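The sequence shown begins at 1 in the numbering used here and counts up one residue at a time.
Glycine included, every Cβ here is placed at the ideal spot set by N, Cα and C.
As the structure is a prediction and not an experimental result, all values here were calculated from the model.
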Amino acid sequence: MDFGLVLQTDPPASQVISLMKRAERNGFRYGWTFDSAVLWQEPFVIYSQILANTRKLTIGPMVTNPGTRTWEVTASTFATLNDMYGNRTVCGIGRGDSAMRVAGRAPNTLARLGEAIEVIRDLAEGREAEVDGKPLRIPWIKDGKLPVWMAAYGPKALALAGQKADGFILQLADPYLTEWMIKAVRQAAAEAGRDPASVTICVAAPAYVGEDLAHARDQCRWFGGMVGNHVADLVSRYGEHSSMVPEELTEYVKARKGYDYSHHGRAGNPSADFVPDEIVDRFCLLGPAEAHIEKLRALRDLGVDQFALYDMHDAREATIDAYGADVIPALRA
Numbered sequence: 001m002d003f004g005l006v007l008q009t010d011p012p013a014s015q016v017i018s019l020m021k022r023a024e025r026n027g028f029r030y031g032w033t034f035d036s037a038v039l040w041q042e043p044f045v046i047y048s049q050i051l052a053n054t055r056k057l058t059i060g061p062m063v064t065n066p067g068t069r070t071w072e073v074t075a076s077t078f079a080t081l082n083d084m085y086g087n088r089t090v091c092g093i094g095r096g097d098s099a100m101r102v103a104g105r106a107p108n109t110l111a112r113l114g115e116a117i118e119v120i121r122d123l124a125e126g127r128e129a130e131v132d133g134k135p136l137r138i139p140w141i142k143d144g145k146l147p148v149w150m151a152a153y154g155p156k157a158l159a160l161a162g163q164k165a166d167g168f169i170l171q172l173a174d175p176y177l178t179e180w181m182i183k184a185v186r187q188a189a190a191e192a193g194r195d196p197a198s199v200t201i202c203v204a205a206p207a208y209v210g211e212d213l214a215h216a217r218d219q220c221r222w223f224g225g226m227v228g229n230h231v232a233d234l235v236s237r238y239g240e241h242s243s244m245v246p247e248e249l250t251e252y253v254k255a256r257k258g259y260d261y262s263h264h265g266r267a268g269n270p271s272a273d274f275v276p277d278e279i280v281d282r283f284c285l286l287g288p289a290e291a292h293i294e295k296l297r298a299l300r301d302l303g304v305d306q307f308a309l310y311d312m313h314d315a316r317e318a319t320i321d322a323y324g325a326d327v328i329p330a331l332r333a
């Protein structure tokens, strides 16, 4: 199992770079950041410095979207980083939650997202693609490589990930829901004539190593609020009791009363006060290192290839170090 570190690009950027260097020293192989231009600093500028200050870490957004940058700009940016640092990037992409809504726009449609996945990958790898009805090719790209991983929850999005993406990003760590969603992605891949095993599976969730469960829950409760944004979209689309979406995912958002993006992804987010302890425990990894190892082994057995650790809480360095000392070695043994 691979491991990734997920951060927000809060200033100072030097701290983001320092934490990524620490992660690589501790055995993490991927470095991810949020991508929302209004809420945080521009990640692609920071990626250049992360890549320059690490040796093998693969870097990318979790996640970008097809609406805040034109597709040729996104492809050229990744290709430039790859040309400078040796194909060490990955494009995590989704419909756009905070990035689009904070800018006053609706998230992208799945149709647009599916088209963008193919166009960005083709352009970044040096092939011709059609953008807004015009054929384009970036002529200076040689031997480019850009895997595109798609974030998804709902049935139509899961199907799209299986049909077109190189990887699937699931932003929660509940084994029951993970199994259900992996099956949906792999079935869609098979029906599209693809090898289901070729789709990399990445589970992303907060992790907090320590004995004080109550404190750990409070530090990670924000994640249930963030996931609740996507779940609320599913409920509005499919209904509260749709057979297409498990109730284990939708039941808890009934108490949700709105969301303030100024606290997005942050410990102490007041918009997450509706999230019960049970959901925090199911969606996140909490407790001593042994508890993390046990849950990660269960996820690995379900087919998870990477666990990406959201590290937005008051024990960032300690969690990275605990994973390096105890968790990562156990999962790679």
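About 17 Å separates the Cβ atoms of Val102 and Met62, ruling out a contact at the 8 Å cut-off. Val73 and Leu123 have their C-alpha atoms spaced approximately 10 Å apart.
In the three-state reduction of the DSSP assignment, Gln41 falls in the coil class. Only residues of its own chain outside the window of five on either side were considered, and among them Trp32, Thr89, Val90, Cys91 and Gly92 have a CB closer than 7 Å to the CB of Gly60, listed in chain order. For Val6, the secondary structure class from DSSP, reduced to helix, strand or coil, is strand. The segment 21-41 makes no contact with the segment 73-85; the number of CB pairs closer than 8 Å stays below 3.
In the structure shown, Phe274 adopts coil according to DSSP, grouped into three states. Under the three-pair Cβ rule at 8 Å, the segment 164-180 counts as touching the segment 300-308. Within the model, the alpha-carbon separation for Ala255 versus Gly265 is close to 19 Å. At a Cβ-Cβ threshold of 8 Å, Ala188 and Leu234 do not count as neighbours. Per DSSP, Met1 lies in no beta strand (DSSP E) segment and is marked neither H nor E. Residues Leu177 and Trp180 of the same chain have their beta carbon placed closer than 7 Å to that of Pro246, with the five preceding and five following residues left out of the count.
Spanning the alpha carbons of Ala173 and Ala116 requires a straight line of approximately 27 Å. The segment 30-44 and the segment 1-21 touch, with three or more beta-carbon pairs separated by less than 8 Å. Judged by pairs of C-beta atoms under 8 Å, the segment 268-284 touches the segment 211-221, as three or more such pairs exist. The way I'd put it, the segment 194-211 does touch the segment 302-321; three or more beta-carbon pairs between them come closer than 8 Å.
Taking C-beta separations shorter than 7 Å and ignoring five residues to either side along the sequence, the partners of Arg316 in its chain run Leu19, following chain order. In the three-state reduction of the DSSP assignment, Phe168 falls in the strand class.
Per DSSP, the beta bridge partners of Gly31 are Leu5 and Ile59. In this structure, Ile169 places its C-beta atom within 8 Å of the C-beta atom of Trp149. The beta carbon of Ala192 sits closer than 6 Å to those of Gln163, all from its chain and outside the five residues before and after it, given in chain order.
Rounded to the nearest whole angstrom, the CA to CA distance from Ala111 to Ser271 is 30 Å. In the three-state reduction of the DSSP assignment, Cys91 falls in the strand class. With 16 or more neighbouring CB atoms inside 10 Å of its own CB, Ser98 falls in the buried class. Straight through space, the alpha carbons of Ile328 and Gly144 are spaced by roughly 30 Å. Here Val209 is near Pro288, since their CB atoms are less than 8 Å apart. Take the alpha-carbon of Pro66 and the one of Tyr30: they are about 22 Å apart.
CA-CA distance, Ser198 to Gly86, rounds to 22 Å. Contact between Leu296 and Leu331 holds: CB atoms are separated by about 6 Å, below the 8 Å threshold.
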